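**Student:** One structure is given below, represented as structure tokens, and several questions about it will come after.
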DNA sequence: GTATTTTTTGTTAACGGTAACAAAGTGATT
DNA sequence: AATCACTTTGTTACCGTTAACAAAAAATAC
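Chains as they are written, first to last, in the UniProt record's numbering: chain A, 1 to 317; chain B, 1 to 317.
Okay, structure coming up:
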């Protein structure tokens, strides 16, 4: 593997000139520059990122800190990772996946944190010395990337209303985190806007629990009903419930989910859901973080993605 | 962040002595060793892995090359990654996720490759210069980690037989890769062993296609039937088919899947499946690869995991 | 008690880059 | 032609670590 010195020798210039051609080409005369380019091409030169990292006091490693039990959201994270990976590779960074349990001393240039709960801000996030981007909205002033959760829930609620249903139940996850509060707010405001009574139900994010809850409700009900769920997992549970009771989807029961990652397509019928552009969001997390690192930790602000309503057969024919 | 020199100065020894305490402690007298340990502790010394990497001509990066369309197997890979990550973190390695499209020149110490198809061996894998561990059985002599696919299919087939069913259909994926051939063989041998007629059906790995196929079959059938599927995704499709036709699971229709990652638990009823210990397997991939790197590329052989039959309500009450 | 071996410690020079400074070349100004 | 300013190139030292060798100290032999 050719080094800077090899390139320099072949082009009959000093190492420094080669280094400059790479980093500050405008400082080198066109003739030498061309010589160096030729030499680089001939030797198939690729910079040694480890050596660069050493001089720059960098590690070229960023960590993805997943504070949530991973099991509960797997397909979601794989997409996030895919997005992050694309951006990191382009900029010669690599990744370490860490969880709450692995409290290694943090040899890295920056972190993307996700799945944080209220307590984590003080005990973990505020103590980090490196630049951080959070994946998930927060009100503590940290840079973050998220989808517009409130709007997402608004458009689904409006969608089922537009299908002519006014008996609309909300199924959410029983945690008091900003993303869930926003989803609840999106539902609640839309209902109140139409003078309808919000009916909010919070539970563990499990398809079986949602199924159990929905069966109880459906057994007692005769009119048309819609369940707007704060996750596809809950949505799938409700689909199962309706099917077990032999109720027609979407004629008797309408169901919507949230996330649009994988599970929505597994359901039968496929689930109407709010798709988050997770891969894109992963890319953005990485991009913001690397920029932040380059800019010595300067805040990069927040980035909120527009949610997209994907209409499928749990709400329309 | 304290460096070797800082530790050395505080302990009043040379840098080299500190380095030796870390790498070859037996070469240092007990007194100095203790001095150095004290100094390290006092300064909270952590080696700079970048500098180590530079002297050792390493990158401390390994790549996970996913040759398969990721979308089709997401939850699966997240588990694999989790396993890999644990091992890498412990040994101060980091990760790059790459796919077929990203053909970066391979600045890394080794690769874990997965989702490879027949063509890939010649065009990609054989050209890699770094140590490689494959995730998935192969007959080309590469080191690999996999579950015993044949045995997995054997035990499921035997399990449904033990439930008193002898009309057993196999639903597999229409690719001629070793893992699938092994699963087919496991089914076929077990059937022939009992003098039963194997019925093999291959299709795209999609729950909706499996549902479509199974509905066709189920409409024409009256006796009890079992579907042993080569993936949970196919299994879920068959569950949906049985439910749409109002057939009783497991009394009229028995269904089994394969993988035991995430999807099996989403199904309703939960799917009897063959669980692969994916996290464990990921760990092993990483461990073998890092050992291989340390041993200058020496073959590490293969590692085949015992599959575990998880019996649930698609085969028994 | 000196020569010889062995153990322990220190010195130097890498690894592959880059920043900071020094030197040489170029051209304009007087 | 001498001075100055500017551009272009090269030299040196350093980032934090380790291997290879050299030197010093300790242990052993005779």
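Cβ coordinates follow ideal geometry from the N, Cα and C atoms, glycine included. Fair warning: this is a prediction, and the values are worked out from it, not measured in the lab.
1. How far does the alpha helix (DSSP H) with residue 7 (chain A) in it reach, from first residue to last?
2. Between the alpha carbons of residue 125 (chain B) and residue 95 (chain B), how many angstroms are there, rounded?
3. I want to see whether chain B comes within less than 9 Å of residue 276 (chain A), judged by CB atoms only; does it?
4. Give me the Cβ distance between residue 223 (chain A) and residue 167 (chain A), rounded to the nearest whole Å; I'm assuming they're in contact under 8 Å.
5. What is the C-beta distance between residue 314 (chain B) and residue 156 (chain B), in whole angstroms, given that I count them as a contact (C-beta under 8 Å)?
6. Based on Cα-Cα distance, which residue from B:195, B:151 and B:85 lies nearest to residue 307 (chain B)?
7. Below 8 Å, how does it come out for the region 231-238 of chain B and the region 251-265 of chain B: are there three or more Cβ pairs, yes or no?
8. Listed in chain order, which residues of the UniProt domain "HTH lacI-type" (2-56) of chain A have Cβ atoms closer than 7 Å to some Cβ of chain B?
9. Thinking C-beta only, is residue 2 (chain B) closer than 9 Å to residue 46 (chain B)?
10. When you compare only the Cα positions, how much space is there between residue 375 (chain A) and residue 9 (chain A)?
11. For residue 223 (chain A), which of helix, strand or coil comes out of DSSP?
12. The alpha helix (DSSP H) with residue 123 (chain B) in it runs from where to where?
13. For chain B, is any of its Cβ atoms less than 9 Å away from the one on residue 248 (chain A)?
14. Could you tell me how far apart the beta carbons of residue 67 (chain A) and residue 110 (chain A) are, in whole angstroms, since I believe they sit closer than 8 Å?
15. Below 7 Å CB to CB, which residues in the same chain sit around residue 42 (chain B) once its five sequence neighbours on both sides are set aside?
16. What residue range does the alpha helix (DSSP H) around residue 182 (chain A) cover?
17. Taking all protein chains shown into account, decide if residue 143 (chain B) is buried (16 or more other Cβ within 10 angstroms of its Cβ) or exposed.
18. So, is residue 276 (chain B) buried or exposed, given that buried needs 16 or more other C-beta atoms within 10 angstroms?
19. Using a Cβ-Cβ cut-off of 9 Å, state whether residue 231 (chain A) counts as contacting chain B.
20. Under a Cβ-count criterion, where at least 16 other Cβ atoms within 10 Å of its own Cβ denotes burial, should residue 248 (chain A) be classed as buried or exposed?
21. Tell me, which residues are paired with residue 101 (chain B) by DSSP?
22. So, for residue 272 (chain B): in the same chain, excluding its five sequence neighbours on each side, which residues have a beta-carbon less than 6 Å away from its beta-carbon?
23. Does the Cβ-Cβ distance between residue 325 (chain A) and residue 303 (chain A) come in under 9 Å?
24. Taking all protein chains shown into account, decide if residue 242 (chain B) is buried (16 or more other Cβ within 10 angstroms of its Cβ) or exposed.
25. Given a threshold of 16 other Cβ atoms within 10 Å of its Cβ, counted over all protein chains shown, does residue 31 (chain B) qualify as buried or as exposed?
26. What residues match up with residue 41 (chain A) in a beta bridge as DSSP calls it?
27. Going residue by residue through the region 188-272 of chain A, where are the continuous alpha helix (DSSP H) segments of at least 4 residues, counting only ones entirely within it?
28. Give every residue of the same chain whose Cβ lies closer than 6 Å to the Cβ of residue 93 (chain A), excluding the five residues on either side of it in the sequence, and list them in chain order.
29. Counting only beta-carbon separations shorter than 9 Å, does residue 79 (chain A) have a partner in chain B?
30. Do residue 135 (chain A) and residue 97 (chain A) have their C-beta atoms closer together than 9 Å?
31. For residue 53 (chain B) and residue 73 (chain A), I'd like the C-alpha separation in whole angstroms.
32. Below 9 Å on C-beta distance, what does residue 217 (chain A) contact in chain B?
33. With 16 as the cutoff for other CB atoms within 10 Å, does residue 71 (chain B) come out buried or exposed?
34. With a threshold of 16 other CB atoms inside 10 Å of the CB of residue 186 (chain A), please say whether the residue is buried or exposed.
35. Name the residues in the region 59-77 of chain B whose C-beta lies less than 7 Å from a C-beta of chain A; which are they?
36. With a threshold of 9 Å between beta-carbons, can residue 226 (chain A) be considered close to chain B, or not?
**Tutor:** According to the structure shown:
1. 4-11
2. 18 Å
3. no
4. 6 Å
5. Residue 314 (chain B) to residue 156 (chain B), Cβ: 11 Å. No contact.
6. B:151
7. yes
8. 46, 49, 50, 51, 53 and 54
9. yes
10. The requested residue 375 (chain A) is not part of the displayed model; chain A covers only 1 to 317.
11. coil
12. 118-123
13. no
14. About 16 Å; that fails the 8 Å criterion.
15. 10
16. 178-193
17. buried
18. buried
19. no
20. exposed
21. Per DSSP, none; premise fails for residue 101 (chain B).
22. 256, 311, 312, 314 and 315
23. Lying before the first or after the last residue shown, residue 325 (chain A) is absent from chain A, which here runs from 1 to 317.
24. buried
25. exposed
26. For residue 41 (chain A), which the question treats as bridged, DSSP gives no partner whatsoever.
27. 207-219, 232-244 and 263-266
28. 60 and 62
29. yes
30. no
31. 35 Å
32. The contacting residues do not exist; residue 217 (chain A) stays about 17 Å from chain B at best.
33. exposed
34. buried
35. 59, 61, 70, 74, 75 and 77
36. no
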